[in-house]
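2 protein chains.
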Amino acid sequence: MFINRLEKEILAKKSPLVVGLDPDLTMFPPSLKPAATASRTEIAAAILAFNKSIIDQVADLVPAVKPQAAFYEEYGWAGIKALEETAVYARSKGLLVILDAKRGDVPNTASAYARAYLAQDENPHAFPCDALTINPFLGRDSLQPFIDAASSNQRGIFLLVRTSNRGAADLQNLRIEGAKHPLWQEIAGWVADWATKTRGANKYSPVGIVAGLTYPQEAQSLRLLLPHSYLLLPGLGTQGGQVADAIPCFDPDGLGALLIAARSIIYAYLREPYINRFSGPEFAQAARQAAADILQRLYDAGYRRE
Amino acid sequence: MFINRLEKEILAKKSPLVVGLDPDLTMFPPSLKPAATASRTEIAAAILAFNKSIIDQVADLVPAVKPQAAFYEEYGWAGIKALEETAVYARSKGLLVILDAKRGDVPNTASAYARAYLAQDENPHAFPCDALTINPFLGRDSLQPFIDAASSNQRGIFLLVRTSNRGAADLQNLRIEGAKHPLWQEIAGWVADWATKTRGANKYSPVGIVAGLTYPQEAQSLRLLLPHSYLLLPGLGTQGGQVADAIPCFDPDGLGALLIAARSIIYAYLREPYINRFSGPEFAQAARQAAADILQRLYDAGYRRE
Chain A
5 MFINRLEKEI LAKKSPLVVG LDPDLTMFPP SLKPAATASR TEIAAAILAF
55 NKSIIDQVAD LVPAVKPQAA FYEEYGWAGI KALEETAVYA RSKGLLVILD
105 AKRGDVPNTA SAYARAYLAQ DENPHAFPCD ALTINPFLGR DSLQPFIDAA
155 SSNQRGIFLL VRTSNRGAAD LQNLRIEGAK HPLWQEIAGW VADWATKTRG
205 ANKYSPVGIV AGLTYPQEAQ SLRLLLPHSY LLLPGLGTQG GQVADAIPCF
255 DPDGLGALLI AARSIIYAYL REPYINRFSG PEFAQAARQA AADILQRLYD
305 AGYRRE
Chain B
5 MFINRLEKEI LAKKSPLVVG LDPDLTMFPP SLKPAATASR TEIAAAILAF
55 NKSIIDQVAD LVPAVKPQAA FYEEYGWAGI KALEETAVYA RSKGLLVILD
105 AKRGDVPNTA SAYARAYLAQ DENPHAFPCD ALTINPFLGR DSLQPFIDAA
155 SSNQRGIFLL VRTSNRGAAD LQNLRIEGAK HPLWQEIAGW VADWATKTRG
205 ANKYSPVGIV AGLTYPQEAQ SLRLLLPHSY LLLPGLGTQG GQVADAIPCF
255 DPDGLGALLI AARSIIYAYL REPYINRFSG PEFAQAARQA AADILQRLYD
305 AGYRRE
């Protein structure tokens, strides 16, 4: 089960922190930055080397990594190959891999996406990830193939409910006529139903959600509305979310939520206070320190570490 | 300009029909079906060979093809390589390529997707497609990078507004408090605004929409609401949409909409009446005949052919 493997790592490492692997060549250290004329294969090699360095430094501090597909798709098939190799490497270091690809389509196509990312491990074509983010816009029938695949194949899904960007309110906060609640709460109602049906004897279902830490009130409401779903919390750091706001999203055992940090960890060597302590070649050590510092802030804010 | 190139092909071929390239190995003819033990590279080679045969047969009958990303992502980087090679081949035969990937994410990530699929042709890493489908769930700021890239780089986008699946109503038909209209119409309002801003001196903007032919009343309302946007119309055939329902979606010049058919064309050799006239190795000729038959039905229903 995805949730069991995830919780084993969270408890062993006393950490609900997930490192986002969003490769951005403009922020790579000089030693790894590809030349302007580099081929896609050369760029993919640099991305893989960057990710491996980060993974080596954070593997004992976090339960999972979250590669963002867009930053690999930028380099076509070579980028996807680097993504797959990153995921294989992360798993070899005891990390779970949450692929942030926000897929969603009509049922026949959603089934193909589910085969792509939530297949059985025995499937020789299975993508080496443990969970996938998905998008609810096409409605419940479009999500069912993902739910079925996650349940059957020991994987997880995180459905977008309230995203971390400013524009999230445009659709997600629209109030529904007659229902007296905003759209995001309508989707939460679907999740509550699926979580009950799929959790079996476990506290948490394989059906989790994405709730931006930039809207702490909504995230905390979702915690109460969805006692059987993991909350994936993006928006820390660059987007303005605060560590302390995550605290009410965890259950008394320190489970039930995952705090994401991407650029604020992997490019820490470019910013205060790390820029003064780590040189370019030490970018991965800076990432480790930034991850440790976020964890310390979580503990200081009351995250249960025993 | 994407729209200019598209309209040149539509007018030259007297055809607003787009062939969906959704490779499904279970429906491949025996000559191309990979063995159960085939590697991903072998499967990718079979997919490319299948697509090339279809493209050779339909290139003079349609302005564009629409590969569905999910069916390539199923085979990881090897599948994406087959997708890229398919797109390059289609373009070499004078076809435009609309990548159906329904991407959408927070602004920083949306910019990476836009760089991936809507880059300038001069960019050595540019994916060989002319237009991309995108998802509105994250709101307007999440769509702006796609609009900017399409406008600047001569590409097109098609935003999901009313999808073709049954479950589409779950979110898209929710009525908005105070607004007196359903959610899909709210999104149409955004598109109307962007289309006005981006069309320049052209009748049609690079910002188009997806409107399922399975909901003909909504599709026809969208035609009236959005006089400056192309309508991409999926849902014909397997999903139950009817050719005649597409007619009101075209303008008097036969422009302004694209009718999609995927499985009903590319796997025509497996169904009546084509199964009696074409053998397995003639699957591509059957696809050509099925495309020609849909075009004839469009003409018979009143599509302007002069």
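Just so you know, the protein sequences line up as chains A and B, in that order. Residue 310 is where the first sequence ends in the numbering used here, and the numbering goes up by one at each step. Residue 310 is where the second sequence ends in the numbering used here, and the numbering goes up by one at each step. Beta carbons are placed, not taken as given, at the ideal position from N, Cα and C, and that holds for glycine.
### Message
Taking a contact to mean a Cβ-Cβ separation below 8 angstroms, would you say residue 44 of chain B touches residue 74 of chain B in this structure?
### Response
Position 40 of the second sequence, counted from the start, is the residue given in the question as residue 44 of chain B. Position 70 of the second sequence, counted from the start, is the residue given in the question as residue 74 of chain B. Not closer than 8 angstroms, so no.
### Message
Measuring only the C-alpha atoms, how far is residue 246 of chain A from residue 223 of chain A?
### Response
Here residue 246 of chain A refers to the residue found at position 242 when the first sequence is read from its first residue. Here residue 223 of chain A refers to the residue found at position 219 when the first sequence is read from its first residue. Distance between the alpha carbons of residue 246 of chain A and residue 223 of chain A: 12 angstroms.
### Task
Quick one: using the 10 Å Cβ neighbour count with 16 as the cut-off for buried, is residue 106 of chain B buried or exposed?
Translated into the one-based positions of the second sequence, residue 106 of chain B becomes position 102. Per the 10 Å Cβ criterion, buried.
### Query
What residues from the stretch 32-66 of chain A come within 7 angstroms of chain B, judged by C-beta to C-beta, listed N to C?
44
### Message
So, with DSSP's three-state summary, where would you put residue 71 of chain A?
### Response
The residue you call residue 71 of chain A lines up with position 67 of the first sequence. In the three-state scheme derived from DSSP, where H, G and I count as helix and E and B as strand, residue 71 of chain A is classed as strand.
### Query
Any chance the stretch 150-167 of chain B sits against the stretch 204-216 of chain B, with 3 or more Cβ pairs inside 8 angstroms?
yes
### Query
What's the call for residue 197 of chain A, buried or exposed, on a 16-neighbour Cβ count within 10 Å?
The residue you call residue 197 of chain A lines up with position 193 of the first sequence. With fewer than 16 other Cβ atoms within 10 Å, it is exposed.
### Task
Answer with buried or exposed for residue 189 of chain A, where buried requires no fewer than 16 other C-beta atoms within 10 angstroms of its C-beta.
On the first sequence, position 185 is the one that residue 189 of chain A refers to. Burial call: buried.
### Task
List the DSSP bridge partners of residue 137 of chain A.
As a first step, residue 137 of chain A is located in the first sequence; it is residue number 133 there, counting from the start. Per DSSP, A:162.
### Query
Mind pulling the chain A residues with CB within less than 7 angstroms of residue 126 of chain B?
The sequence position of residue 126 of chain B within the second sequence is 122, counting from 1. Scanning chain A for C-beta atoms nearer than 7 angstroms to the C-beta of residue 126 of chain B yields nothing, as the closest lies near 13 angstroms away.
### Every unbroken alpha helix (DSSP H) within the stretch 178-261 of chain A, with a cutoff of 4 residues, ordered by chain
187-202, 220-229, 247-250
### Pairwise C-alpha distance: residue 252 of chain B and residue 170 of chain B
As a position in the second sequence, residue 170 of chain B is number 166, starting the count at 1. As a position in the second sequence, residue 252 of chain B is number 248, starting the count at 1. Each residue's alpha carbon lies about 22 angstroms from the other.
#### Entry: Collapsed DSSP secondary structure at residue 17 of chain A in the structure displayed
If you number the first sequence from 1, residue 17 of chain A lands on position 13. Helix.
### Query
What are the start and end residues of each continuous beta strand (DSSP E) run of 3 or more residues lying completely inside the stretch 254-303 of chain B, in chain order?
261-265
### Message
I'd like to confirm the pairing. Which residues does DSSP put opposite residue 22 of chain A in its beta bridges?
### Response
Within the first sequence, the letter at position 18 stands for residue 22 of chain A. Looking at the DSSP assignment, residue 22 of chain A forms a beta bridge with A:68, A:264.
#### Entry: Through-space distance from residue 112 of chain B to residue 7 of chain B, alpha-carbon basis
Counted from its first residue, the second sequence places residue 7 of chain B at position 3. Counted from its first residue, the second sequence places residue 112 of chain B at position 108. In a straight line, the C-alpha of residue 7 of chain B is about 27 angstroms away from that of residue 112 of chain B.
### Spatial neighbours of residue 194 of chain B in its chain, beta-carbon cut-off 7 angstroms, leaving aside the 5 residues before and after
Residue mapping note: residue 194 of chain B aligns to position 190 of the second sequence, counting from 1. Excluding residues up to 5 positions away in sequence, 144 lie with their Cβ nearer than 7 angstroms to the Cβ of residue 194 of chain B in the same chain.
### Query
Using a beta-carbon distance cut-off of less than 7 angstroms, what residues from the stretch 67-87 of chain B approach chain A?
72, 74, 75, 77, 78, 79, 80, 81, 84, 85
#### Entry: Rounded Cβ spacing between residue 178 of chain B and residue 180 of chain A (contact assumed at less than 8 angstroms)
Taking the first residue of the second sequence as 1, we reach residue 178 of chain B at position 174. Taking the first residue of the first sequence as 1, we reach residue 180 of chain A at position 176. Confirmed, about 5 angstroms.
### Query
residue 139 of chain B touches chain A at which residues, Cβ-Cβ below 7 angstroms?
Taking the second sequence and counting its residues from 1, the one referred to as residue 139 of chain B is at position 135. Neighbours of residue 139 of chain B on chain A, chain order: 108, 139, 141.
### Query
Does any CB atom of chain A fall closer than 8 angstroms to the CB of residue 157 of chain B?
Working through the second sequence from its first residue, we reach residue 157 of chain B at position 153. Cβ-Cβ to chain A under 8 angstroms: no for residue 157 of chain B.
### Query
Between the stretch 242-259 of chain A and chain B, which residues of the former have CB atoms less than 9 angstroms from a CB of the latter, in chain order?
242, 243
### chain B contact residues for residue 213 of chain A, given Cβ-Cβ distances below 8 angstroms
In the first sequence, counting from the first residue as 1, residue 213 of chain A sits at position 209. The contacting residues do not exist; residue 213 of chain A stays about 13 angstroms from chain B at best.
### Task
Excluding the 5 residues preceding and the 5 following residue 278 of chain A in the sequence, name in chain order all residues of the same chain whose CB lies nearer than 7 angstroms to its CB.
Numbered from its first residue, the first sequence carries residue 278 of chain A at position 274. For residue 278 of chain A, where only same-chain residues beyond five positions count, the Cβ hits under 7 angstroms are 272, 290, 293, 294.
### Task
Step through the CB atoms of chain A and report whether any lies within less than 8 angstroms of the CB of residue 144 of chain B.
The count along the second sequence starts at 1 and reaches residue 144 of chain B at position 140. Yes, residue 144 of chain B counts as interfacial toward chain A.
### Task
Look at the Cβ atom of residue 230 of chain B, then the Cβ atom of residue 20 of chain B, and state whether they are nearer than 8 angstroms.
For the purposes of this step, residue 230 of chain B is identified with residue 226 of the second sequence, where counting begins at 1. For the purposes of this step, residue 20 of chain B is identified with residue 16 of the second sequence, where counting begins at 1. Taking a C-beta distance under 8 angstroms as the contact criterion, residue 230 of chain B and residue 20 of chain B do not qualify as a contact pair.
### Query
So, does the CB of residue 292 of chain A fall closer than 8 angstroms to a CB anywhere in chain B?
Position 288 of the first sequence, counted from the start, is the residue given in the question as residue 292 of chain A. Chain B, which has no Cβ nearer than 8 angstroms to the Cβ of residue 292 of chain A, makes this no.
### Nearest neighbour of residue 78 of chain A, chosen from B:72, B:39, B:130, B:138 [CA to CA]
Numbered from 1 along the first sequence, position 74 holds the residue referred to as residue 78 of chain A. Checked all of B:72, B:39, B:130, B:138; the closest Cα to residue 78 of chain A is B:130.
### Query
Which parts of the stretch 77-138 of chain A are runs of the alpha helix (DSSP H), unbroken and 4 residues or longer, counting only runs that do not cross its ends?
Counting only runs of 4 or more, we get 80-96, 111-121.
### Message
Contact between the stretch 10-30 of chain B and the stretch 57-73 of chain A is defined here as three or more beta-carbon pairs at a separation below 8 angstroms; is this criterion met?
### Response
Contact fails: fewer than three Cβ-Cβ distances are below 8 angstroms.
### residue 170 of chain B: first and last residue of the uninterrupted alpha helix (DSSP H) it sits in
In the second sequence, the residue the question calls residue 170 of chain B occupies position 166. Taken as a continuous stretch (DSSP letters only), residue 170 of chain B belongs to no alpha helix (DSSP H), as it is neither H nor E.
### When A:119, A:150, A:268 are compared against residue 239 of chain A, the one with the closest alpha-carbon
Locating residue 239 of chain A in the first sequence gives position 235, counting from the first residue. Minimum Cα distance to residue 239 of chain A is reached at A:268.
### Backbone secondary structure at residue 30 of chain A - three-state DSSP
For the purposes of this step, residue 30 of chain A is taken as the residue at position 26 of the first sequence. Helix.
### Message
Please report the distance separating the alpha-carbon of residue 110 of chain B from that of residue 138 of chain A.
### Response
Here the question's residue 110 of chain B lines up with position 106 in the second sequence. Here the question's residue 138 of chain A lines up with position 134 in the first sequence. Answer to the nearest angstrom: the Cα atoms are 13 angstroms apart.
### Task
Please go through the same chain and pick out, in chain order, the residues whose beta-carbon is closer than 6 angstroms to the beta-carbon of residue 57 of chain A, but skip the five residues on each side of it.
For the purposes of this step, residue 57 of chain A is taken as the residue at position 53 of the first sequence. Same-chain partners within the cutoff: 288.
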